[in-house]
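Residue numbers (this note's numbering): 95 to 600.
Cβ coordinates follow ideal geometry from the N, Cα and C atoms, glycine included.
A quick write-up on the structure given underneath.
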Amino acid sequence: MVEFTINDKQISVENGTTILNAARMNGIKIPNLCFDKRLRPYGGCRLCVVEVEGMPRLFAACSTPAAPGWAVKTDTPKLRKVRQTVIELLLVHHPLDCPVCDKAGECDLQDLAYEYGKPEGRFIRHRKEAPPDVRGPLIELTSNRCILCGKCVRICSEHQGRGALGLIGRGFPTVVQPAFGEILECDYCGQCVDVCPTGALLSKPFKFKARAWFLEEKETICPFCGCGCTLTLGVREGKILRSRGKEDVGRNKGNLCGRGRFGFDFIYSDTRLKTPLIKKDGAFVPATWDEALEYISGELKKIINTNGRESIGAIGSHRCTNEDNFMLRKFMLNVIGSNNMDSSASFGYAKVQKALDAAFGLKTHSINMDSPLDKDLILVLESDISITHPVFGLNILQAKRNGSQVIVADCRETKLTRHSSKHLKMKEGTSTAFLNGIMKVVLDRELCDRAAVSNITGFPGFEQGLEDYTPAKVSLITGIPEEDIISAAEAIANARNRMISFTLGV
Ligand code: FES
């Protein structure tokens with residue numbers, strides 16, 4: 095642990111913690127523009143400089159690890175002067191177009207300029223000549239507002255694993271762009287829009303819809319893949335105008351995918367069913383909610399009286415919140431008196447759940463969103479998790495960056511195969527043979543505690559079932575070279591902790 099002080103407050107943090115992170119953990123604000131806790135320190139903007147007693151120079155708090163005994167000061171007249179100069183330099187080319195910029199009101203640069211006072215304007219202003227790139231469907235790039243903090247470039251490549259943006263050019267004319275100035279083609283997660291500290295990257299669907307200060311923010315759960323990400327909706331006069339992720343909010347910790355961020359417009363579709371319909375004489379007729387509820391409860395009563403309570407069933411959905419599904423369950427058990435319930439989620443997962451229950455006595459899944467983060471090895475089976483469950487997929491990428499081994503067995507090229515430690519290119523639909531092969535290698539090479547597994551009920555039959563699955567045979571079935579099957583089995587068995595991850599499609 096490192097003991098030191100920030101503004102005379104005693105701080106104790108783990109070795110290697112930067113001054114900025116230590117300050118954030120202790121509720122101390124240090125201004126910054128190029129920092130994001132999901133990214134490696136960059137040290138580009140120099141707004142986060144701090145003074146250390148007895149040291150002749152200033153330190154960038156975001157990239158300087160705290161040292162024992164240091165007395166750090168974050169707000170002194172000297173620092174205010176330095177920060178004001180940094181802002182002054184940034185404003186040399188940043189246009190003062192806040193009245194027409196969508197970011198106004200939630201622009202970090204604007205806030206800092208306000209906080210540190212009017213710059214003296216000692217430098218000749220020199221506008222960057224870079225026309226806005228509005229060609230993409232969802233994200234608009236206005237390079238002359240860019241302060242080259244590189245956050246968008248880094249979030250896209252380091253965190254999102256996409257690398258669709260780059261800093262192009264050298265010196266003053268440098269701009270953020272896709273390669274060769276092409277139209278931005280990416281995951282459209284919009285994380286770059288969220289992290290941009292100015293109005294250089296903006297959401298096209300939200301453009302000119304409302305000023306930030308007119309928006310009321312409401313949190314809700316994303317209705318798409320079932321990861322349960324928290325969306326922060328910007329609402330004006332009852333209408334949802336945008337969706338964004340907020341740092342540390344929700345189990346997604348502010349990360350969103352394209353569906354969560356841009357996919358909410360379906361709720362305003364003209365073809366959406368907006369009122370209940372009751373079928374009368376073979377045709378659907380619009381009805382009020384009171385009429386519909388009256389009708390449903392009447393029909394339910396009739397069915398209960400004629401066929402009994404158990405004749406009624408209900409289907410929930412993984413797109414609903416847990417609370418919604420819980421209410422449905424309560425309704426079925428306590429009001430209807432029937433235990434006949436299912437969910438669209440069971441189409442894919444019921445068998446897995448049964449197997450988990452049979453093997454480990456687990457009634458729920460044994461993983462959560464953060465599970466990949468502390469695993470030494472992750473095996474992904476025939477699943478394009480970055481598409482089906484994008485935010486969970488981000489945690490697998492994060493685990494890889496933290497040093498986990500990620501083995502992906504898939505016939506396709508996916509984002510995860512590109513970022514994997516090993517891509518086992520297998521024939522489609524051969525996961526079962528592959529897993530049998532892995533288990534056979536593990537048992538044959540005594541890579542597990544044989545005495546312990548032998549006590550599992552049904553173990554002899556299980557082992558017998560694996561007899562045919564030699565690496566040679568599995569290689570024939572799956573197309574994976576024998577040596578890769580063996581080394582994957584060894585890696586899986588030798589990992590201190592491991593996770594197998596699969597989803598729709600396996
Ligand atoms: Fe430290 Fe930008 S936040 S240099």
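Inter-residue CB distance, P595 and V474 (contact presumed, cutoff 8 Å): The sequence as given places Ser at residue 595; Pro does not occur at that position. Between the beta-carbon of S595 and that of V474 there is about 5 Å, and that keeps the pair under the 8 Å contact cut.
At least three beta-carbon pairs within less than 8 Å, the segment 404 to 414 to the segment 424 to 442: Contact holds: three or more Cβ-Cβ distances are below 8 Å.
Which residues DSSP lists as bridging Q45, in chain order: Because the chain here runs from 95 to 600, residue 45 falls outside it and cannot be looked at.
Start-to-end residues for the alpha helix (DSSP H) that takes in A165: For A165, there is no enclosing alpha helix (DSSP H); the residue is part of the beta strand (DSSP E) that begins and ends at A165 to K167.
Segment contact, 8 Å Cβ cut-off, at least three pairs: the segment 337 to 356 with the segment 310 to 328: yes
Spatial neighbours of C316 in its chain, beta-carbon cut-off 6 Å, leaving aside the 5 residues before and after: C323, L325 and G354
Per DSSP, cross-strand counterpart(s) of K333: Per DSSP, the beta bridge partners of K333 are R330.
Spatial distance of N496 from M119 (CA atoms): Taking the straight line joining both Cα atoms gives about 21 Å.
Whole-angstrom C-beta distance between I124 and S144, which should lie under 8 Å: Residue identity differs from the one stated: residue 144 is Val in this sequence, not Ser. Rounded, the Cβ-Cβ distance is 7 Å, consistent with contact.
C-alpha gap between P159 and P150, whole angstroms: 17 Å
Simplified DSSP state of H517, which is helix, strand or coil: strand
Among G293, C280, T99 and E279, the one whose alpha carbon lies nearest that of C195: Nearest C-alpha to C195: G293.
Backbone secondary structure at M593 - three-state DSSP: strand
Opening and closing residue of the alpha helix (DSSP H) in which E393 lies: W383 to N401
Neighbour-count burial assignment, P231, 16 or more Cβ in a 10 Å radius: exposed
Every unbroken alpha helix (DSSP H) within the segment 112 to 174, with a cutoff of 4 residues, ordered by chain: 113 to 119
Three-state class that DSSP yields for I100 in the structure shown: strand
Other residues of its chain near E576: CB distance less than 7 Å, five sequence neighbours each side excluded: P565, A566 and S569
Expected contact under 8 Å - CB spacing of P380 and L371 to nearest Å: 6 Å
DSSP bridge partner residues for V269 (one or two, in chain order): I262
Cutoff 8 Å; reference L133; Cβ partners in own chain excluding five residues on either side: K245, R248, I249, E252 and H253
Backbone CA spacing between G284 and L296 [nearest angstrom]: 9 Å
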